[in-house]
Amino acid sequence: MTAELCPCGSQANYSQCCEPIHLDHAKADHPEKLMRSRYSAHVKGLVDYVVNTYHSFCGAEQHRDAIADSINSEWLMLQVLNSSVDANGKQGFVEFKAHYIDDGKQYTLHEKSRFLNEEKDGKNLWFYIDGEYPKAEKVGRNDPCPCGSGKKHKKCCG
Numbered sequence: 001m002t003a004e005l006c007p008c009g010s011q012a013n014y015s016q017c018c019e020p021i022h023l024d025h026a027k028a029d030h031p032e033k034l035m036r037s038r039y040s041a042h043v044k045g046l047v048d049y050v051v052n053t054y055h056s057f058c059g060a061e062q063h064r065d066a067i068a069d070s071i072n073s074e075w076l077m078l079q080v081l082n083s084s085v086d087a088n089g090k091q092g093f094v095e096f097k098a099h100y101i102d103d104g105k106q107y108t109l110h111e112k113s114r115f116l117n118e119e120k121d122g123k124n125l126w127f128y129i130d131g132e133y134p135k136a137e138k139v140g141r142n143d144p145c146p147c148g149s150g151k152k153h154k155k156c157c158g
């Protein structure tokens, strides 16, 4: 039996990467780990995990159906561009691009996500709170395709 690579793009086995975090949220000891595990949860269809890792201010339970619908997209690839934690260790940011297909069209979600670290049930846990969308880049026809295929944009998704 071959080991399954983690969908988060870490090149580690799923059983050694995001699966332990899916089983115990407290194992996400950095916002990037939580973000990667949330992406993997989308790929794996783990709606409860995604809902439970939203900050309580977000009211994610009320949006469970929309979250489940987003999970049903075909998730292709995650690129983590940057991650950081503030000096007091209570707020973190992860900028990423997630490539996916929905209704037969390919899209890229480019977001700078904000995470908060809070104590819950005696554990320090990271939660997704919100994100902002960096200004979209204009992709030229002869530029490499943003999907990561290595082809020119005009010969791929353009």
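For the sequence shown, the positions run 1 to 158 when full-length UniProt numbering is used. Beta carbons: idealized from backbone N, C-alpha and C, even for Gly. All figures in this text were calculated on a predicted structure; none of them were measured in a lab.
- CA-CA distance, Ala12 to Ala3, rounds to 9 Å.
- Secondary structure at Val139: coil, using DSSP grouped into helix, strand and coil.
- Contact between Val80 and Ile67 is ruled out by a C-beta separation of about 21 Å, above the 8 Å threshold.
- In the DSSP assignment, Lys112 forms a beta bridge with Glu95 and Glu132.
- The beta carbons of Leu78 and Tyr39 sit closer together than 8 Å.
- Counting along the chain, Asn52 sits inside the alpha helix (DSSP H) bounded by residues Val47 to Asn52.
- The Cβ atoms of Tyr128 and Glu111 lie no closer than 8 Å to each other.
- Rounded to whole angstroms, Pro144 and Leu109 show a C-alpha spacing of 17 Å.
- Sorting Ser70, Glu32 and Ala87 by C-alpha distance to the C-alpha of Leu46 places Ser70 at the top.
- Per the DSSP secondary-structure output, Met77 pairs in a beta bridge with His99.
- Within the same chain, no Cβ atom closer than 6 Å to the Cβ of Asp86 is found once the five residues on either side in sequence are excluded.
- With fewer than 16 other Cβ atoms inside 10 Å of its own Cβ, Ile101 counts as exposed.
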